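Asker: At position 25 of the sequence shown (counting the first as 1) the number is 25 in our numbering, and the numbers step up by one without a gap.
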Amino acid sequence: MKTITIPMFVYFNKYHWEAEGSYVAYSFKTPDTESTTFVGQQDVEFKVPEQYDPTAQKIAALEVEKEIARAEFTKSVAAINDRIAKLQALEYTA
Numbered sequence: 001m002k003t004i005t006i007p008m009f010v011y012f013n014k015y016h017w018e019a020e021g022s023y024v025a026y027s028f029k030t031p032d033t034e035s036t037t038f039v040g041q042q043d044v045e046f047k048v049p050e051q052y053d054p055t056a057q058k059i060a061a062l063e064v065e066k067e068i069a070r071a072e073f074t075k076s077v078a079a080i081n082d083r084i085a086k087l088q089a090l091e092y093t094a
């Protein structure tokens, strides 16, 4: 394992409709807004594998994305087939 250090930027978020706000941390600095204000920076250390390879996780994510696309396509084709069937069921008189 190796240790990496990442600077984390802590912000306080409170939107006008909320009774209480909350703290969030980002790995990047962003400008203050009406609802988000910078609180401070803290370095965070993580232990990660020496030879980390994300390939298997990327493939798994793509397989999930593929299944979602397949389901959306199947649903779209079914809707088109339903519209075709309704048009074919109409009585045509000339």
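The beta-carbon is built from N, C-alpha and C at its ideal position, and this holds for glycine as well.
On a predicted model such as this, the values are computed, not experimentally measured, just so you know.
#1: CA-CA distance, Glu-50 and Ile-4?
#2: Is Gln-41 near Phe-12, with beta carbons less than 9 Å apart?
#3: Identify which residue in Phe-38, Ala-78 and Tyr-23 has its Cα closest to the Cα of Lys-29.
#4: Whose C-beta lies closer than 7 Å to the C-beta of Ser-22 among residues of the same chain, with five residues either side of it excluded?
#5: Helix, strand or coil: how does DSSP classify Asp-43 here?
#6: Looking only at its chain, what residues have a beta carbon closer than 8 Å to the beta carbon of Met-1, apart from the 5 residues adjacent to it on each side?
Answerer: Inspection of the coordinates gives the following:
#1: Residue numbering aside, residue 50 sits at position 50 when the sequence shown is read from its first letter. Residue numbering aside, residue 4 sits at position 4 when the sequence shown is read from its first letter. Their backbone Cα atoms lie some 11 Å apart in a straight line.
#2: For this step, residue 41 is matched to residue 41 along the sequence shown. For this step, residue 12 is matched to residue 12 along the sequence shown. It is not a contact, given that the beta carbons lie outside the stated cut-off.
#3: As a first step, residue 29 must be located in the sequence shown, where it is residue number 29. Ranking the options by Cα distance to Lys-29, first place goes to Phe-38.
#4: Position 22 of the sequence shown, counting from 1, holds the residue named residue 22. Cβ within range, chain order: Asn-13.
#5: Locating residue 43 in the sequence shown gives position 43, counting from the first residue. Here Asp-43 carries a strand assignment [DSSP, helix/strand/coil].
#6: Counted from its first residue, the sequence shown places residue 1 at position 1. Excluding its 5 nearest sequence neighbours in each direction, Met-1 has C-beta neighbours in its own chain below 8 Å: Lys-47, Val-48, Pro-49 and Glu-50, listed in chain order.
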